[in-house]
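Worksheet: the structure to be examined is printed underneath.
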Amino acid sequence: MGNSSSKRKSAIVNNYMDFFSAKDPSLPTDERMQLGSHIIRELWGENFSSPIKDLLKKGGATVLDVGCGTGTWMFDLAADYQKSSYVGVDMVRLFPAGTEPFNVKFVNGNVLNGLPFEDGTFDFVHVQFLVFDIKEADWESIVYKELVRVLKPGGWLEISEPEFRCSKVGEVTQKFITAGTKRFSSMGVNIHIASRHLEIMSGISELTSIHHQERGYPLNKWQGKLAETGRKYMRETCGNLMQNIHGDMKIKKKKIDEMMDEMVEEWKVYEPFINIHRFFGRKLM
Numbered sequence: 016m017g018n019s020s021s022k023r024k025s026a027i028v029n030n031y032m033d034f035f036s037a038k039d040p041s042l043p044t045d046e047r048m049q050l051g052s053h054i055i056r057e058l059w060g061e062n063f064s065s066p067i068k069d070l071l072k073k074g075g076a077t078v079l080d081v082g083c084g085t086g087t088w089m090f091d092l093a094a095d096y097q098k099s100s101y102v103g104v105d106m107v108r109l110f111p112a113g114t115e116p117f118n119v120k121f122v123n124g125n126v127l128n129g130l131p132f133e134d135g136t137f138d139f140v141h142v143q144f145l146v147f148d149i150k151e152a153d154w155e156s157i158v159y160k161e162l163v164r165v166l167k168p169g170g171w172l173e174i175s176e177p178e179f180r181c182s183k184v185g186e187v188t189q190k191f192i193t194a195g196t197k198r199f200s201s202m203g204v205n206i207h208i209a210s211r212h213l214e215i216m217s218g219i220s221e222l223t224s225i226h227h228q229e230r231g232y233p234l235n236k237w238q239g240k241l242a243e244t245g246r247k248y249m250r251e252t253c254g255n256l257m258q259n260i261h262g263d264m265k266i267k268k269k270k271i272d273e274m275m276d277e278m279v280e281e282w283k284v285y286e287p288f289i290n291i292h293r294f295f296g297r298k299l300m
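Numbering (my numbering), first residue to last: 16 to 300.
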């Protein structure tokens with residue numbers, strides 16, 4: 016098992032580095048999701064902020080990634096902290112069966128229907144970028160209750176989400192944000208939910224030691240590894256959202272690329288930031 020885990024660790028780390036070293040990376044949906052996770056890691060220098068590193072190193076810890084997507088986040092942890100075990104839950108498996116590291120398991124499930132685990136199962140529960148997938152009312156009435164329920168007493172809950180309120184944006188970018196906010200709001204989704212997570216977590220009696228961290232993600236001036244790949248990631252992510260809201264903006268589908276080019280040019284002039292937030296707290300013993 017030692018040789019096998021060593022090879023898997025190498026593959027995972029190389030995958031992380033390859034995203035930033037590729038000269039002309041293509042970003043289909045799964046790779047765009049992977050890159051989003053890698054960019055968050057770059058901004059913080061670590062995949063999490065909760066004080067669990069010693070526990071993961073010691074081994075025997077159980078970690079749950081809710082809405083795991085391509086598995087990138089838990090694959091990274093599985094490589095860095097091989098003595099602990101990781102479970103990803105999502106509605107659809109986005110990575111081929113058999114490709115996960117030896118200490119990773121995928122479970123099909125939907126947090127809105129209840130997580131398929133017993134109370135007090137995990138030492139660490141992680142959620143990242145579910146902003147478009149969960150209605151605002153469901154965060155409080157369902158999601159947080161389930162996340163806290165499956166946490167062990169003394170375990171840590173961490174949530175990372177972007178906030179799409181940007182200062183210093185151009186006219187086209189502002190129209191895009193306004194249209195996106197309106198469209199998702201009509202479905203009960205608050206794309207600025209990050210501004211409420213601290214309030215929600217602070218109101219949960221079972222959570223204590225609640226922390227909030229924030230990093231600015233620039234839409235133009237990236238440095239080092241975040242340079243060209245980060246720019247391409249943001250353009251294609253916004254372009255993907257544009258596919259759903261171009262009608263609201265009275266933009267023909269064939270004009271989406273042209274509009275995205277206009278937005279990128281605005282970013283060069285106005286240099287806006289998107290704020291990425293991390294919230295983490297501990298379940299009472």
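The beta-carbon is built from N, C-alpha and C at its ideal position, and this holds for glycine as well.
Leu-222 sits in a strand when the DSSP states are folded into three classes. With 16 or more other CB atoms across the displayed protein chains lying within 10 angstroms of its CB, Gln-143 is buried. The Cβ-Cβ distance between Pro-131 and Gly-124 falls below 8 Å.
Across the set Met-278, Lys-190, Ser-224, the C-alpha of Lys-190 shows the shortest separation from the C-alpha of Asp-263.
Scanning its chain for C-beta atoms nearer than 8 Å, with the 5 sequence neighbours on each side dropped, one finds around Val-165 the residues Leu-79, Leu-130, Phe-132, Glu-133, Asp-134, Gly-135, Thr-136, Phe-137, Val-140, in chain order. When the five nearest sequence neighbours on each side are left out, the beta carbons in the same chain lying within less than 6 Å of the beta carbon of Ala-93 are those of Tyr-101, Pro-116, Asn-118, Val-119, in order along the chain. Here the alpha carbon of Asn-255 sits roughly 18 Å from the alpha carbon of Ile-54. In the DSSP assignment, Asp-105 falls outside any alpha helix (DSSP H) and lies within the beta strand (DSSP E) extending over 100 to 105. When DSSP states are grouped into helix, strand and coil, Glu-61 belongs to the coil group. Spanning the alpha carbons of Phe-294 and Gly-74 requires a straight line of approximately 24 Å. Residue environment for Asn-259: exposed (fewer than 16 other C-beta atoms within 10 angstroms of its C-beta). Contact check for Ile-206 and Phe-147: beta-carbon distance about 7 Å, within the 8 Å limit, so the pair qualifies.
Between Arg-47 and Glu-251, the C-beta spacing is below 8 Å. DSSP places His-212 in the uninterrupted alpha helix (DSSP H) bounded by 209 to 217. Setting aside the 5 residues that flank it on each side, Val-284 is surrounded in the same chain by Gly-185, each with a C-beta closer than 7 Å to its C-beta; the list follows chain order. Listed in chain order, the non-local C-beta contacts of Gly-195 below 8 Å within the same chain comprise Phe-179, Ile-206, Leu-256, Ile-260, local neighbours out to five positions each way being set aside. For Ala-209, same chain residues with a beta-carbon under 6 Å away, outside a window of 5 residues either side, are Glu-176, Glu-178, His-292 in chain order. Between Phe-121 and Arg-108, the C-beta spacing is below 8 Å. Contact check for Leu-162 against Val-81 passes: the beta carbons are separated by less than 8 Å. For Val-122, the pairing in a beta bridge is given by DSSP as Val-104. Taking 8 Å as the cut-off, the beta carbon of Met-249 is found closer than this to the beta carbon of Leu-234. Between Ser-52 and Thr-77, the gap from beta carbon to beta carbon reaches 8 Å or more. Counting along the chain, the unbroken beta strand (DSSP E) around Gly-296 starts and ends at 288 to 298.
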